[in-house]
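Residue numbers (my numbering): 1 to 369.
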């Protein structure tokens, strides 16, 4: 297979030439202008950052990308889906509050912020996964599927479950509705935490299979009836319905790849990754630790698999940041990601994405000054 082109620029900036100028040159050199944006709704998929986390991408980068898209005639909007876990982004209202606090508001970015899977995380489209092994129909946030063009902006970092988070995870896990995230994270079906359940019956009203049953004003889910759609998770007002979160690392990463294919298949797509503030854990955490390696640079490509591979290689070849968790653990696994999170199987994500035709791990790195 022919190598995919991945474009790179460092974080060095000369006087009079800002990092935002360099980002503009990078994405233009990488070919973003080859996409026909004229009048097209363009979803810029990004992670807005959990409140308390300071490693997420600054909104200045998003404004720069959206300004380029608008200059090409596109109609961009910033978007993400709600989280499966309980936090500052589990529903659209809290999610928007968090995004606005972190600077992702129209006054900062010049575009609107839309939560793709709606108020409760149940606005989804079932998208067939061609060539999928584990996912028959991915549950993708509606606004993402309504878009004509997909642009991903990724903070490349470590991740405690997937090993790393880049373009594939931003689109696959990030593009899934709350039920979609449950499907990726879980081998089993949801359960009810009786300490939180108030017996309101919301789960029973939304279930098409009569799986919730009640005893002593507490719900229990019959797994023989449950099909694992996850809609009960979205409607529970007390977060009593919980995903099992027990999927094997290899399958989790393969599911992320399959969800990514569901998001981008058949539509123009372009990907930008920032290998900066490479925290050991996801930006979904309400905190961030010391970066595991120094800042490396910005990357862009039409191929998300090649892009993630190039970013991973850059991190693996980078020196260890003094005082980070990577500086404290044993280096017995042969790579930075596994040394930090030994139970992950990050290489599976790239290999499976290549196998199902998203892109190639083979890349040519082209530096943009």
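Here a beta-carbon is modelled for each residue, glycine too, at the ideal position from N, C-alpha and C.
| Asked | Found |
| --- | --- |
| Contact set for residue 19: own chain, Cβ-Cβ below 6 Å, skip 5 residues either direction | 13 |
| Per-residue burial, residue 324 [other beta carbons within 10 Å of its own, 16 or more giving buried] | buried |
| Coarse secondary structure for residue 77, derived from DSSP in three states | strand |
| C-beta atoms of residue 280 and residue 158 nearer than 9 Å | yes |
| Residue 372 versus residue 184 - alpha carbon distance | The requested residue 372 is not part of the displayed model; the chain covers only 1 to 369. |
| CB contact flag (residue 187, residue 248, <9 Å) | yes |
| Residue 218: first and last residue of the uninterrupted alpha helix (DSSP H) it sits in | It is not in any alpha helix (DSSP H) - residue 218 instead sits in the beta strand (DSSP E) that spans 218-221. |
| Residue from 107, 177, 80 with nearest C-alpha to residue 124 | 177 |
| Where the beta strand (DSSP E) through residue 155 begins and ends | 149-155 |
| Residue 152 burial status per 10 Å Cβ neighbour count (16 or more: buried) | buried |
| Cβ-based neighbour list, residue 127, same chain, cut-off 6 Å, excluding 5 preceding and 5 following | 138, 140, 262 |
| Cβ-based burial, residue 358 [other Cβ within 10 Å; buried from 16] | buried |
| Length of the line joining the Cα atoms of residue 225 and residue 143 | 30 Å |
| Given 8 Å, three or more beta-carbon pairs between the stretch 77-89 and the stretch 101-119 | yes |
| Nearest-angstrom Cα separation, counted from residue 272 out to residue 289 | 23 Å |
| As assigned by DSSP and simplified to three states, the class of residue 253 | helix |
| Start-end ranges of the beta strand (DSSP E) lying completely within the stretch 64-115, minimum 3 residues | 75-80, 113-115 |
| Closest residue to residue 370 among 202, 147, 220 (Cα-Cα distance) | A question about residue 370 goes unanswered here, because the residues of the chain that appear run from 1 up to 369. |
| Extent of the continuous beta strand (DSSP E) run through residue 27 | Segment 19-29 is the alpha helix (DSSP H) holding residue 27; no beta strand (DSSP E) there. |
| Residue 294 to residue 237 span [Cα, whole Å] | 42 Å |
| Alpha carbon of residue 4 to alpha carbon of residue 303, nearest angstrom | 7 Å |
| Residue burial classification, residue 106 (beta-carbon count within 10 angstroms, cutoff 16) | exposed |
| CB contact flag (residue 74, residue 41, <9 Å) | yes |
| Extent of the continuous alpha helix (DSSP H) run through residue 170 | 167-175 |
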